[in-house]
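Position one of the sequence shown corresponds to residue 6 (my numbering), numbered consecutively onward. All C-beta atoms in this analysis are idealised placements derived from N, C-alpha and C, irrespective of residue type, glycine included. Notes for the one structure printed next.
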Amino acid sequence: DNIANVNTIGYKEKVPVFSSVLAQVSTSESGSKEVASYVGISQTLNNFSQGILMQTDQPLNVAITGPGFFVVSDGSQFYYTRNGEFKLTKEDDKVYITTPDGLKVLGTKNVNLSLTELSSLSPIDIPFSIPPKPTTTIKFCQTNLEAAASICEAPFDPLNSESYNFSCSVKVYDAKGNIHNIEVYFRKVEDSKWEVYFGKDQNVFNKDNPITLEFDSTGKLISVNGQNTTQASLKFEGILDNLITIDFKEVTNWSYNFTIQVESDGYPLGELTSLGISKEGIVTVNYSNGISKNIARLALAYFSDEQALTEISGARFVDTLNKANPKYFPAGYVSSILPSALEASNVDMSKQIINLIKAQRIYQANSKAVTTSDEFVVDALGLKR
């Protein structure tokens, strides 16, 4: 098995344990018996030392640095393996991380888990897409309304640039993921007092109720709509059904030029583009809309007695007798994960060849001894006659 599995990912070398065996053998024609001894294999153990770690370019290839096993399942039985050659497998309307032969890789959806024992594990399924999220917040960052700007005398009109001092646009998303460019107009109406309007295609959402910003003598914002707050709420009728929270906390009224940086949340529909697994075993999924999500964390199993495991394939084990006492930890707590890497078989090919040659020579020597013994018996019987 060792030589046959020298290239099997995660394979653990089998080590035979030899001991003396007593047996009765016939020594004469009369059938009398004598006790003889020979050396035989009494049991086979596994060498669980770590194999060489090989870098790959596959994001779903992972290796364990240190003790422990990945936990995989067919739905009814837990299996343990050092083979981290995983792939994505579609099943019904879900996509799972699996082994090459389809066993599901287990972990936890709680990526910040701090417990030393996991009460339950589940298959890691990958959301192939994420639905759109409508905008709920607009935030003005590092924005300055120039203190020396002129007071606007003309009534506000988005078509009349003389009726406002500055304008900018901000992108928002509706519930279907459609993007809309909203125009924002800043209009100075008194010293240290400004009005803010929002609109689209000349349709101003708050034309009759502008948001008012007031500043103190140092240019610091002191009120929004006459209230001791830095936020306001507004509904973009015909575009978004929900109220938008508008944050003016970082807006100032200083003497230098008008500057603006505006951010908004929300995003369109996103399709899976890539994923990766960190050294802590955290599975991160990236989507076409720029959103990244940490969706799960690999679990590793550790055993007080690894030799109690039963090998059922080249690199897969099972706790058949329930004697191995598994403990489950999130990856990164005891051992780490090496991303884009695989653990090679720990079989030393040259050592196996040498052992094979030794065994062959011992067999040949024993065969010769048996042949010589037979010749002595024949000669002895000839002398008797």
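Item: As assigned by DSSP and simplified to three states, the class of A329; Value: coil
Item: Residue of T217, N351, S81, S283 minimising C-alpha distance to Y338; Value: S283
Item: contact_flag[the segment 267 to 276, the segment 177 to 193] where n(CB pairs < 8 angstroms) is 3 or more; Value: yes
Item: A41 burial status per 10 Å Cβ neighbour count (16 or more: buried); Value: Note on A41: pLDDT 49, under 50, position unreliable in the model; the coordinate value appears next. Result: exposed.
Item: Per-residue DSSP class, three states only, for S345; Value: coil
Item: Residue environment, V194, which counts as buried when at least 16 other CB atoms sit within 10 Å; Value: exposed
Item: Where the beta strand (DSSP E) through S228 begins and ends; Value: 226 to 229
Item: Counted within 10 angstroms of its Cβ, other Cβ atoms place S350 as buried (16 or more) or exposed; Value: buried
Item: Contact belief for P331 with A304 at Cβ below 8 angstroms, rounded distance in angstroms; Value: Contact flag wrong, Cβ pair sits at about 10 angstroms.
Item: Assigned exposure category for Y261 - 16 Cβ within 10 Å defines buried; Value: exposed
Item: Identity of the residue in G56, L93, I300, L111 nearest D79 by Cα; Value: L111
Item: Pick from T217, T141, S172, K198 that is closest to G182, judged by C-alpha positions; Value: T141
Item: Segments of 3+ residues assigned as beta strand (DSSP E) that fall wholly inside the segment 58 to 101; Value: 58 to 60, 67 to 70, 74 to 78, 83 to 86, 92 to 96
Item: Buried or exposed by the 16-neighbour rule on C-beta atoms within 10 Å, applied to N88; Value: buried
Item: Beta-carbon contacts of S168 that lie in its chain and below 6 angstroms, excluding the five residues immediately before and after; Value: C157, A159, F161, D162
Item: Spatially closest choice to P335 from Q63, E285, G56, T325, by CA coordinates; Value: E285
Item: Residue from S222, V209, Q232, T289 with nearest C-alpha to I244; Value: V209
Item: N327 classed as buried or exposed, judged by whether at least 16 other C-beta atoms fall within 10 angstroms; Value: exposed
Item: According to DSSP, residues forming a beta bridge with W199; Value: K193, L218
Item: Proximity below 8 angstroms, CB of T264 to CB of G224; Value: no
Item: T1 vs E255 beta-carbon contact at 8 angstroms; Value: Because the chain is modelled from 6 through 390, residue 1 falls outside the range shown and cannot be assessed.
Item: Cβ shell of E122 (< 8 angstroms), same chain only, five flanking positions each side left out; Value: At E122, the pLDDT of 45 sits below 50, so the modelled position is not reliable; the number obtained from the coordinates is stated separately. Cβ within range, chain order: K332, Y333, F334.
Item: Residues of its chain near I249, where Cβ-Cβ distance is below 8 angstroms and the 5 sequence neighbours each way are ignored; Value: T140, T141, T142, I143, V177, S238, L239, K240, F241
Item: Contacting residues, own chain, Cβ-Cβ under 7 angstroms from L120 (five flanking each side not counted); Value: Confidence in L120 is poor, its pLDDT being 47 and thus under 50, which makes the residue's placement too unreliable to answer from.
Item: 8 angstroms Cβ cutoff met for I1 and P64; Value: Lying before the first or after the last residue shown, residue 1 is absent from the chain, which here runs from 6 to 390.
Item: Neighbourhood of F220 by C-beta distance below 6 angstroms, restricted to the same chain and skipping five residues each side; Value: S197, L226, N258
Item: Neighbourhood of S297 by C-beta distance below 8 angstroms, restricted to the same chain and skipping five residues each side; Value: T289, V290, N291
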